[in-house]
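Peer 1:
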Amino acid sequence: MKKVWWKHGVIYQIYPRSFKDSNHDGIGDINGITECLDYLQDLGIDGIWLSPLYRSPMYDFGYDVSDYCDIDPVFGTMRDFKHLVKEAEKRNIAIIMDMVFNHTSHLHPWFLESRSSKDNPKRDWYIWHPGKKRKVPNNWMAAFGGRAWEWDPLTQEYYLHLFTKQQPDLNWRNPNVKKAMFDVLRFWMDNGVKGFRFDVINLLVKDRQFRNNPYKLRFTNPRRHDQQLHIYDRNQPEAHEILKEMRILFDSYGTIMSVGEIYLDEGIRDSHLPASFLGNNDELHMNFNFSTMFASFNCYELRKIMIDWYEAIGGKGWPCYVFSNHDQSRAITRIAKNDLQKAKLLAVLLLTQKGTPFIYYGEEIGMVDGKFPYRYIQDPVGKKYWPFHTGRDKARTPMQWDATSYAGFSTAKPWLPVNPDYTRTNVALQSKNAESMLQFYRQLIALRKSRKELYAGEIEFLPGSDDVMLYKRVWNNDTCLVALNFSSSKRKINFDSTCRVLLSSYQKNIIDVQTITLDPFEAVICSK
Ligand code: NOJ
12 MKKVWWKHGV IYQIYPRSFK DSNHDGIGDI NGITECLDYL QDLGIDGIWL SPLYRSPMYD
72 FGYDVSDYCD IDPVFGTMRD FKHLVKEAEK RNIAIIMDMV FNHTSHLHPW FLESRSSKDN
132 PKRDWYIWHP GKKRKVPNNW MAAFGGRAWE WDPLTQEYYL HLFTKQQPDL NWRNPNVKKA
192 MFDVLRFWMD NGVKGFRFDV INLLVKDRQF RNNPYKLRFT NPRRHDQQLH IYDRNQPEAH
252 EILKEMRILF DSYGTIMSVG EIYLDEGIRD SHLPASFLGN NDELHMNFNF STMFASFNCY
312 ELRKIMIDWY EAIGGKGWPC YVFSNHDQSR AITRIAKNDL QKAKLLAVLL LTQKGTPFIY
372 YGEEIGMVDG KFPYRYIQDP VGKKYWPFHT GRDKARTPMQ WDATSYAGFS TAKPWLPVNP
432 DYTRTNVALQ SKNAESMLQF YRQLIALRKS RKELYAGEIE FLPGSDDVML YKRVWNNDTC
492 LVALNFSSSK RKINFDSTCR VLLSSYQKNI IDVQTITLDP FEAVICSK
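Take the sequence shown: its position 243, counted from the start at 1, is 254 in our numbering, and no numbers get skipped.
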């Protein structure tokens, strides 16, 4: 595996509970993923980011870890995991683990020790505070509802949790925490893992004085957490020092990739914050910029986000792109309003930018958001905020493999309902249909892989128009031109010389053109 495989590759996120159930208990598992490696190889991906598989009481479906060095029995065993790594390696696919370092589960032995007494050696591994006159230490709110402080009657102090109270925050100011977590990274790298995604990495360190967050002057969100400016409970300078040390560790292993989740408030567009956690090319290799997540289907807006992102990064690191993940409504529903042509245009945008694209399972077949009533809701966010926020289950429905019962995901009733469109939208059917979304993704990824200008070249935005985005990707003498028509009517483009259309989202035949008329929402990639 080349050192920079992750720069040129395509990464595919799997939410293991929902991908493929091999033991028929209604929950996806590791052996299920291994069974599907040929499918993923065929799709052309280079790495799989697995949402957490570690032992967990599952209050937040694995983002509450009770043992970082073991697999939860619901997903299988360490042996299954090693087998997956080996089989993936045979297909040149890297395995990327999700590292939840900001907090553990309240049932992690470290926390059980920490809460047992004030003089326990692990007391200072978490963030404890006596409070002020028997009141909470400050105004910090938990992202998943209520105050961020929980009173613990046994030792008569509060502990901090920026998510649920079952997810106590670790104290990264304590060097022993860092040491233990770096050992966790070594454990997985020694087990063949080639990369890490870091959960809410900008939350790692908090203000030493626990100052109150100020409130925003204007807000529309009824959640108190979202009404605050998160000045003191995240983005502290000390986090950068930790990431620098981590980078030295990764570089000592050679081929390791790291990507950070930089937590932004819902709806906020900010490229500078995720760029800042790249350091000067000496912190994380990449960071997600969720500005794309909060965009609408608008040429001007998306173009601006991309340009801002490149400017914010400069030469400091490598960009990456994402439209969908396990926390947000799927892009096909949220941005493309379930329109397949619009979704194909977004796929071209994702896969032809300069940087590493991340695809979320099911995106390649056009899986849309699930819709179900409250009684099916599993996600703690949905349970807490229904109906104002319906939670994240809609983006976690079972993968649609075929038209058999439960969409071929399982023979048992799945943990979340299968989307009713599975008889039309599934892998088996789309594999046979040359014009399907799946075939389009396969062609798009294959094209990207075959041309250095697409996976490694520079990007240059061209003057387009209000609703047509035009850009070039260039490597030495090779140039690809990408044209995206965001409009619902036809648009004509004149090139300065003859171009060959390599791929069209209308899956038209390859032709040489000097003038091209794009159909509504059509995306094309041409070579010059
Ligand atoms: C971000 C993760 O993506 C999300 O799923 C999780 O609930 C929170 N972090 C807390 O770990």
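Every residue, glycine too, gets a C-beta built ideally from N, C-alpha and C.
Nothing here was measured: the structure is a model prediction, and the numbers come from that model.
Report the three-state DSSP secondary structure of Gln247 (helix, strand or coil).
Peer 2: Reduced to three states, the DSSP call for Gln247 is coil.
Peer 1: Quick check: the region 427–436 against the region 454–462, are there 3 or more CB pairs under 8 Å?
Peer 2: Result no; under three Cβ-Cβ pairs closer than 8 Å.
Peer 1: Are Leu492 and Ala534 close, meaning C-beta to C-beta below 7 Å?
Peer 2: Going by C-beta atoms, Leu492 is not nearer than 7 Å to Ala534.
Peer 1: Can you find the residues in the same chain that come closer than 7 Å, C-beta to C-beta, to His19, ignoring five residues on each side of it along the sequence?
Peer 2: Closer than 7 Å at Cβ, skipping near neighbours: Tyr466, Ala467.
Peer 1: What is the DSSP secondary structure of Val524, counted as helix, strand or coil?
Peer 2: DSSP places Val524 in strand when its eight states are reduced to three.
Peer 1: According to DSSP, simplified to helix, strand and coil, what is Ala306?
Peer 2: Reduced to three states, the DSSP call for Ala306 is coil.
Peer 1: In chain order, what are the residues with a CB under 5 Å from some non-hydrogen atom of the ligand NOJ?
Peer 2: Every residue passing the under-5 Å Cβ criterion appears here: Asp71, Tyr74, Phe174, Asp210, Val211, Asp338.
Peer 1: Could you tell me whether the region 195–208 touches the region 95–113, using the rule of 3 or more Cβ pairs below 8 Å?
Peer 2: Verdict: yes, contact present.
Peer 1: In three-state DSSP terms, what is Phe472?
Peer 2: Note: Phe472 maps to strand in three-state DSSP.
Peer 1: Among Ser33, Pro120, Phe92, Asn34, whose alpha-carbon lies nearest the alpha-carbon of Ser67?
Peer 2: Among Ser33, Pro120, Phe92, Asn34, the Cα nearest to that of Ser67 is on Pro120.
Peer 1: Please classify Cys80: is it buried, with 16 or more other beta-carbons within 10 angstroms of its beta-carbon, or exposed?
Peer 2: Exposed.
Peer 1: Please classify Pro225 as buried or exposed, where buried requires at least 16 other C-beta atoms within 10 Å of its C-beta.
Peer 2: Exposed is the call here.
Peer 1: Taking just the CA atoms, how far does Thr490 sit from Phe472?
Peer 2: Cα to Cα, Phe472 sits roughly 13 Å from Thr490.
Peer 1: Please report the straight-line C-alpha distance between Gly156 and Asn149, rounded to a whole angstrom.
Peer 2: Taking the straight line joining both Cα atoms gives about 15 Å.
Peer 1: Relative to the C-alpha of His303, which candidate in Gly328, Thr266, Ile343, Ser269 has its C-alpha closest?
Peer 2: Residue 303 is actually Thr in this sequence, not His. The shortest C-alpha separation from Thr303 is found at Ile343.
Peer 1: Please name the residue in Ile259, Leu360, Phe399 whose C-alpha comes closest to that of Cys310.
Peer 2: Per the Cα distances, Leu360.
Peer 1: Under the assumption that Ser116 contacts Ser77 (Cβ atoms under 8 Å), give the Cβ distance between them as a whole number of angstroms.
Peer 2: Yes, Ser116 and Ser77 are in contact; Cβ-Cβ is about 4 Å, under 8 Å.
Peer 1: Give the DSSP-derived three-state secondary structure of His236 in the structure shown.
Peer 2: Looking at His236 - three-state DSSP - the assignment turns out to be helix.
Peer 1: Are the beta-carbon atoms belonging to Gly73 and Asp40 less than 7 Å from one another?
Peer 2: Cβ atoms of Gly73 and Asp40: not closer than 7 Å.
Peer 1: Report, in whole angstroms, the separation of the C-beta atoms of Thr32 and Phe420, which I expect to be a contact under 8 Å.
Peer 2: Per the sequence shown, the amino acid found at residue 32 is Asp instead of Thr. 6 Å between Cβ atoms; contact.
Peer 1: Which of the three DSSP states is assigned to Pro368 in this structure?
Peer 2: Three-state DSSP puts Pro368 in a strand.
Peer 1: Under three-state DSSP, which class holds Gly206?
Peer 2: Note: Gly206 maps to strand in three-state DSSP.
Peer 1: Mind checking which residues open and close the beta strand (DSSP E) that includes Tyr332?
Peer 2: Looking at the DSSP string, the run of the beta strand (DSSP E) that includes Tyr332 is 331–333.
Peer 1: Going straight from the alpha carbon of Gly402 to that of Ser335, what length do you get?
Peer 2: Between Gly402 and Ser335, the C-alpha separation is close to 15 Å.
Peer 1: What is the rounded straight-line gap between the Cα of Arg245 and the Cα of Pro186?
Peer 2: For Arg245 and Pro186, the distance between alpha carbons rounds to 19 Å.
Peer 1: Is it buried or exposed for Asp75, if we count other Cβ within 10 angstroms and need 16 for buried?
Peer 2: Per the 10 Å Cβ criterion, buried.
Peer 1: Have a look at Lys144 and Trp162 and give me their C-alpha separation to the nearest angstrom.
Peer 2: Computed Cα separation, rounded: 13 Å.
Peer 1: Within 10 angstroms of the Cβ of Tyr387, are there 16 or more other Cβ atoms? Answer buried if so, exposed if not.
Peer 2: With fewer than 16 other Cβ atoms within 10 Å, it is exposed.
Peer 1: Check for me: the alpha helix (DSSP H) holding Met110 runs from which residue to which?
Peer 2: No alpha helix (DSSP H) contains Met110, which is instead part of the beta strand (DSSP E) from 105–110.
Peer 1: Please list, in chain order, all residues of the same chain as Trp199 whose beta carbon is under 7 Å from its beta carbon, the five residues on each side excluded.
Peer 2: Only Met108 meet the Cβ criterion.
Peer 1: Between which two residues does the beta strand (DSSP E) carrying Thr490 extend?
Peer 2: Counting along the chain, the beta strand (DSSP E) containing Thr490 begins and ends at 489–496.
Peer 1: Just curious, the alpha helix (DSSP H) that Phe466 is in, first and last residue?
Peer 2: Phe is not the amino acid found at residue 466; the sequence shown has Tyr there. Start and end: 463–466.
Peer 1: Distance check for Glu446 and Gly377, CA to CA, integer angstroms please.
Peer 2: Looking at the two C-alpha atoms, the distance is approximately 13 Å.
Peer 1: Measure the Cβ-Cβ separation of Leu173 and Ala159 and say whether it is below 7 Å.
Peer 2: Yes; because the gap between Cβ atoms is below 7 Å, this pair is in contact.
Peer 1: Arg386 bridges to which residues according to DSSP?
Peer 2: Beta-bridge pairing links Arg386 to no other residue.
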